[in-house]
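Please read the structure below before turning to the comments.
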Amino acid sequence: TTISSKEELAKILSQAPTIAEINYIKEVTTKEPYTHTEGKYDAEKFEFTKPKLEKKIVAYDFGIKKNILRELASAGLEVEVVPASTPAAEVIEKFTNKEIGGVFLSNGPGDPLILDEQKVLVKSFIDADIPMFGICLGHQMLSIAHGYETYKLKFGHHGGNHPVKNEATGAVEITAQNHNYNVTESIREVAKVTHTNLFDDTIEGLEYNCGKIISVQHHPEASPGPHESAYIFKEFAKRVKA
Numbered sequence: 068t069t070i071s072s073k074e075e076l077a078k079i080l081s082q083a084p085t086i087a088e089i090n091y092i093k094e095v096t097t098k099e100p101y102t103h104t105e106g107k108y109d110a111e112k113f114e115f116t117k118p119k120l121e122k123k124i125v126a127y128d129f130g131i132k133k134n135i136l137r138e139l140a141s142a143g144l145e146v147e148v149v150p151a152s153t154p155a156a157e158v159i160e161k162f163t164n165k166e167i168g169g170v171f172l173s174n175g176p177g178d179p180l181i182l183d184e185q186k187v188l189v190k191s192f193i194d195a196d197i198p199m200f201g202i203c204l205g206h207q208m209l210s211i212a213h214g215y216e217t218y219k220l221k222f223g224h225h226g227g228n229h230p231v232k233n234e235a236t237g238a239v240e241i242t243a244q245n246h247n248y249n250v251t252e253s254i255r256e257v258a259k260v261t262h263t264n265l266f267d268d269t270i271e272g273l274e275y276n277c278g279k280i281i282s283v284q285h286h287p288e289a290s291p292g293p294h295e296s297a298y299i300f301k302e303f304a305k306r307v308k309a
């Protein structure tokens with residue numbers, strides 16, 4: 068920088084918007100829809116797999132990671148990736164016409180509470196009884212759309228070795244995490260907690276009472292990283308194919 072004055076720098080910083088004031092997903096979302104069919108990487112054959120695709124879903128891109136798409140495809144799902152502001156009516160029509168079997172809500176940056184447009188979208192999908200799966204930001208948006216706001220953690224979760232308890236099996240899964248926000252305990256009124264963070268006992272996964280919607284706060288697609296919770300993609304695929 069060409070500014071050396073501490074006072075001037077402090078003034079510039081004080082005028083800068085906070086993370087809670089910036090809609091980052093407008094910058095990172097895809098500009099045009101596209102289709103993904105490529106599966107996970109086969110380290111023995113040195114190539115990406117070409118899985119059999121049994122159903123199609125729509126994935127809202129809030130900053131989606133390529134390996135999430137590969138995991139979804141490997142679970143038998145053709146993925147139509149769409150911009151974050153794609154009208155809900157278009158997707159609901161596709162679901163009604165049996166062109167798709169579910170909706171995926173991706174990870175992404177920023178404070179979920181400022182994403183009013185996406186809140187309305189997700190609420191529309193809930194009302195339409197569409198199977199859904201959310202990761203990270205998508206997990207948070209599902210909570211918000213159900214009427215339960217998120218909060219900022221005192222210490223965000225960042226790293227590739229966070230232990231998470233699978234409440235159904237008792238198994239401990241090592242997960243990759245990168246988030247500053249979390250859903251509140253009051254979400255238990257409409258959902259069952261499926262995963263818990265063993266570092267601070269915060270919620271890491273949910274299955275909503277309707278049975279068609281699941282979500283996780285951590286990254287089961289981690290690449291590089293642990294794959295102990297990658298089964299969640301197959302759990303979503305079961306709901307889509309049902």
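Take 68 as the starting number for the sequence shown in the numbering used here and just add one per residue. Every residue, glycine too, gets a C-beta built ideally from N, C-alpha and C. Just so we're clear, the structure is a prediction, and the values are computed from it rather than from any experiment.
Closest residue to residue i among the options (Cα-Cα distance)
i, options, result
"H224", "T69, I281, L265 and S72", "L265"
"I280", "G177, D196, E240 and V149", "D196"
"K190", "D178, I202 and S210", "S210"
"G130", "V283, T96, E234 and A289", "T96"
"R306", "K112, K73 and G168", "G168"
"Q284", "F300, E94, E274 and I202", "I202"
"K98", "I159, G292 and A151", "A151"
"P287", "N228, A235 and N247", "N228"
"G106", "K117, F113 and K73", "K117"
"H246", "A235, T217 and R255", "T217"
"K93", "Y298, V149 and E160", "V149"
"T104", "T236, T251 and L139", "L139"
"D268", "S282, E252 and A142", "E252"
"F222", "L120, Y248 and S282", "Y248"
"G292", "F300, F303 and I241", "I241"
"E157", "L120, S71, F192 and E145", "F192"
"G38", "K308, A235 and A304", "As shown, the chain starts at 68 and ends at 309. That puts residue 38 outside it, with no answer to give."
"G52", "T163, E121, V125 and R137", "In the structure displayed, the chain extends from 68 to 309; residue 52 sits before or after that span and is not available."
"Y108", "K308, T153 and R137", "R137"
"L172", "V187, M199 and E147", "M199"
Beta-carbon separation (whole angstroms), residue i vs residue j, contact threshold 8 Å
i, j, result
"N233", "H262", "6 Å"
"Q185", "M208", "6 Å"
"V257", "N276", "6 Å"
"V231", "S296", "7 Å"
"S282", "N134", "The pair is not a contact, with the Cβ atoms about 18 Å apart (cut-off 8 Å)."
"E145", "T102", "7 Å"
"Y215", "I270", "Going by Cβ atoms, the distance from Y215 to I270 rounds to 11 Å, so no, they are not a contact pair."
"N90", "L188", "Not really, about 14 Å apart at Cβ, beyond 8 Å."
Terminal residues of the beta strand (DSSP E) in which residue i lies
i, result
"G205", "From DSSP, G205 is part of no beta strand (DSSP E) but of the alpha helix (DSSP H) over L204 to A212."
"N134", "From DSSP, N134 is part of no beta strand (DSSP E) but of the alpha helix (DSSP H) over K133 to S141."
"E295", "Unbroken run through E295: none, as it is neither H nor E."
"E271", "I270 to Y275"
"E147", "L144 to V149"
"I167", "Element bounds for I167: n/a, residue is neither H nor E."
"H103", "Y101 to H103"
Enclosing alpha helix (DSSP H) for residue i [first to last residue]
i, result
"T236", "Counting along the chain, T236 falls outside any alpha helix (DSSP H), and DSSP gives it neither H nor E."
"S71", "No alpha helix (DSSP H) holds S71; DSSP gives it neither H nor E."
"K279", "Element bounds for K279: n/a, residue is neither H nor E."
"A258", "Segment A258 to N264 is the beta strand (DSSP E) holding A258; no alpha helix (DSSP H) there."
"K117", "It is not in any alpha helix (DSSP H) - K117 carries neither H nor E in the DSSP assignment."
"T188", "The amino acid at residue 188 is misidentified as Thr; the sequence shows Leu. Per DSSP, L188 belongs to the alpha helix (DSSP H) from D183 to D194."
Neighbour-count burial assignment, residue i, 16 or more Cβ in a 10 Å radius
i, result
"A155", "buried"
"A367", "No statement about residue 367 is possible, as the shown extent of the chain runs from 68 to 309 and does not include it."
"I299", "buried"
"A87", "exposed"
"V125", "buried"
"F113", "exposed"
"L220", "exposed"
Near the ligand SAH: residue i beta-carbon under 7 Å from a heavy atom
i, result
"F192", "Here there are no bound small molecules, and the ligand SAH is not part of this structure."
**Request:** Could you tell me whether the segment 169-187 touches the segment 128-146, using the rule of 3 or more Cβ pairs below 8 Å?
**Result:** yes
**Request:** For the segment 154-170 and the segment 76-92, state whether three or more C-beta atom pairs, one from each stretch, are separated by less than 8 Å.
**Result:** no
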